[in-house]
Amino acid sequence: MVRSLVVGCVVLACTTATSVVRGQEAAPATSIRIQDGFQVRLLRSARAGEGSWISMTFDDRGRIIVGRDDAGVARLTLPAAEDEATSATEITYERLDSTLRHCRGVLYAHDSLYVCATDSKGFYRLRDTTGDDRFDEVKLLKAMDYRSRYGHGTNQVVLGPDQMIYVVNGNDVSFPEGVSPKSAYRDPRNDWLIAEPRDTDQDNRVGHILRTDAEGRSWEVIAGGFRNQFDLAFNADGEMFTWDADMEWDVGLPWYRPTRLNHVVSGGEYGWRWGTGKWPAYFADSLPSTLDTGLGSPTALAFGTRSNFPERYRRALFMADWQNGRVLVVHMRPVGASYTCRYDMFLEGGPLNISDMEFGPDGALYFITGGRGSQSGLYRVSPIAKANESNTDERASSASNSELDEVNADEAAKAAEARALRRQLEQLHRREEQAAVERAWPYLNSSDPWLRWAARVAIERQPLETWRARALAESRTTAKLAALLALARQGETTDQPALLEALRQLPLDALGKDDLLAALRVYSLAFIRMGEPNASARASVVSRLDAIYPHDQSSVNQQLCTLLVYLRAPRVIDKTLRLIEAAATQEQQIHYVHMLVRLNEGWSSSSRTEVLRWLLRAKSFRGGRLLPTAINNLRTDFVAGMNDAERGELASVIVQLDQPPTPEDALPTRPFVRQWRMEDLMTDVSTANAANSSEEAKAHMMTQGKQALAAATCLKCHRLGDEGGQVGPDLSTVGKRFDKRLLLESILEPSKVVDPKYRNVAYLLNNGKIVAGRPVSVSSKQIVVETDPVSAATVTIDRAAIDESFPAEASPMPSGLVDTLTKAEILSLLDYLHSITAGRR
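Mapping of the sequence shown onto my numbering: position 825 corresponds to residue 943, and the numbering continues sequentially without gaps.
Structure follows, in structure tokens:
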């Protein structure tokens, strides 16, 4: 991938840094780096008075209609035979409407133009009733209750393969009046077992997807639980996908969720909630991310189905990232009733704030830039030859030559059958049917989580009395957990004793991680929706949960901690303090303290002091803008929970919390060992063979390797399983892609080969200074560049001060991270990463 991108740069940019054009010109095509085999042209820049463009659609004559950032829509008419000689002056611009404000979504379909006018708080249909090629009729089809906190309003509008219209609403929009009460997605709740006090005044608005007909008469909610998903797209199988936004201010906190691609299904719940209450991806009543994509600002989505691109790209999804000025290409592999994915960089520029894109009638990819008043341009991407996918660099090619590109006929047929079965079950999501429970029940025991989801939602839509007894009597573990989850969500208060008794029959210590997490979520929902248990039930549950706490899985420990704090278990404080001490990441530590501060009883002077000392250290944690606020809130709540005697006894420590952090407060540092080089370690890496080690030696290696992982601060940025940060590449399967030599090289020489998805942009200013980082905000006059993804440090530069922009040579990952480790620790780290991830599926 790296090599192919570089070759593309040679073709289009001659490998030289490119000038950033100012004034009434969009970024030139020569400043855009694109995969080999493709070319990009700037067709037209927006001129004075033409506005900033934020949405686009093709009409039935192949003309482009754009939605303006300020108000109205306009039409761009391309020459009948667009070719390399076409000039921008031949593309005409005409304003069609100036009344609809902030038109984030436009769609031409059913002889009409549909517009999501966010600031006009409505979804509109424009029609030409006189035949003069002008939209004389403007009709409000549905008012949208948009109450802005962050501008996450009514976003895009898309035509589905069923010829129905899909409207994408962000989390600042309530369900509109008149939506069907039998919608597949309904009644979203926070469902927090222990609520952060500052979140309790938040309402239950979540991002959601609506479906309506051409006339806008019937409306239903298809799925929800998003933050600010901006667009959606359907693949050739008719499956829907959206790309949800992250809250970058939450980086470094346990509730941070990266930008993520979601496979959207009927009744899908995706778990976004306000404040600290975002659901973990492993909640049994939330569908998982299909692909995490780190920090970014998702805008447009488009499948290559109708493109003239090479075959593998016609199956791919293209995703535009506004902040990072890039388009990612996602390659999918059908697995069961859903998909697995990987992604590569398709094109990037700096800045290149892509606001929308669509494949045109000619099969080319057209995209526009704009938004927040910035300069707009219209671009066209087309193939110049079959993309060269060969790659001689092992580290780059391991991702490109993925098994995702190879799907045999049998696998494809089985996946198609699973999707068809899921859709049959989804037909039961909108109606009560006498045979529904019987039809859906067998699939509660399916090994495919997407079929289990469809079956459970179908059962939840049926009268409770038709399936309550069957749920309580179910004996198969997987089916039992799915059925009890449905009962916890839909049952009545009087169902709690029987539900808890059914859970008691499960051998918690023998369950696998996924089943155990599901059981813990059922416990939580039983208390959230049915109320606190009586004293006897409480004691029984505490006994069962305390017996498996702590667990060897951090995600399980987090849920056990929450439950045991809620139940006021007598030993939860001491056990959790030991987990804080051993935690590999600050996110884990914050979660545990976030729970413990809700306890006002069971504390000793020493345990109170331990948390106060932790709060002192936490002042040195690094993260997004809200991290200091979150730590300060923990301090406030913890001290408020003390009585006067405790505050007096601990006054000398409490007063230190109000002081600036000192070097003594920071996390302990390790002494420098040496500046390691490849030649220092290669002989040992080549001769080491963990597979032939004794079981005792393997156990020691795993322990030392995990400790080295924490000492090298790898998990501050990287994800490993359900631990770690999410601003760098995921390490969960790195052992399947790299051998130990390449792993070592990636650690010691991170800038030797940089994955384009994580490469920074360097800006050369006219004063000679260079600013390198990730553009996080782009306007017509300034660019805000994030220079440190962990601390979210930024530098604001004037666009007029930029002479050139080009890919940064240095990796965002610093070198020297293992210079405080011994040789033995580094070797254990390599063994640990290779062993623990090579076997993951």
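Positions of the beta carbon are idealized from the N, C-alpha and C atoms, including for glycine. Treat the numbers as computed from the prediction; the structure is a model and nothing was measured.
Residue i, DSSP secondary structure in three states
i	result
PRO560	helix
TRP568	helix
TRP310	coil
PHE477	strand
CYS679	helix
GLU767	helix
HIS712	helix
GLN608	helix
MET365	coil
HIS547	helix
MET437	strand
VAL871	coil
TYR484	strand
ARG329	strand
VAL936	coil
LYS737	coil
SER953	helix
TRP732	helix
TYR461	strand
GLN825	helix
ILE283	strand
GLU592	coil
ALA351	strand
ARG513	Residue placement at ARG513 is flagged as unreliable, the pLDDT there being 44, under the threshold of 50; the coordinate-derived value follows with that caveat. ARG513: helix per DSSP, three-state reduction.
Bridge-paired residues (DSSP) for residue i
i	result
ALA880	ALA890, PHE924
THR912	GLU904
ALA235	CYS221, GLY240
TYR211	LEU194
TRP585	None, per the DSSP bridge assignment.
SER500	GLN157
MET107	No information on residue 107 is available, as it lies outside the stretch 119 to 959 that the chain covers here.
Check: residue i C-beta below 7 angstroms from any heavy atom of the ligand NAD
i	result
ALA402	Absence of the ligand NAD from the depicted structure is noted, as is the absence of any ligand whatsoever, leaving it without description.
Best match in the options for proximity to residue i [C-alpha to C-alpha]
i	options	result
GLN545	ILE152, SER384, MET931, MET800	SER384
GLU476	ASP857, ARG430, VAL276, THR680	VAL276
ASP937	GLY842, MET819, PRO789, TYR950	PRO789
SER946	ALA817, ALA769, LEU849	ALA817
LEU733	ASP613, LEU634, VAL773, PRO925	VAL773
GLU168	VAL191, ILE152, ILE182, MET174	VAL191
ASP632	SER216, LEU160, SER404, ILE865	SER404
SER723	ALA701, ILE691, MET713	ILE691
LEU196	GLU592, GLY478, PRO469	GLY478
ARG877	PRO315, PRO868, LEU883, ASN885	PRO868
PRO428	SER415, MET820, ALA363, VAL447	VAL447
GLN704	ASP349, ASP368, ASN322	ASP368
MET931	PRO847, LYS899, ILE327, ILE944	PRO847
ALA591	ALA616, GLN580, ALA576, TRP571	ALA616
Status (buried if at least 16 other CB within 10 Å, exposed otherwise) for residue i
i	result
PRO625	exposed
THR510	No answer about THR510 holds up, because its pLDDT of 38 lies below 50 and its placement is not dependable.
ILE901	buried
LYS260	buried
ASN287	buried
ASN442	buried
GLU338	buried
ASN885	exposed
GLU535	exposed
ALA736	buried
Pair within 8 angstroms by beta-carbon distance, residue i and residue j
i	j	result
VAL233	GLY155	no
ARG329	GLY271	no
MET796	GLU863	yes
ALA533	GLY454	yes
ARG540	LEU569	yes
LEU768	ARG716	no
PHE645	LEU311	yes
ILE182	TYR667	no
TRP440	THR411	no
ARG548	LYS300	yes
ALA572	LEU543	yes
LEU470	ILE486	no
PHE352	GLY422	no
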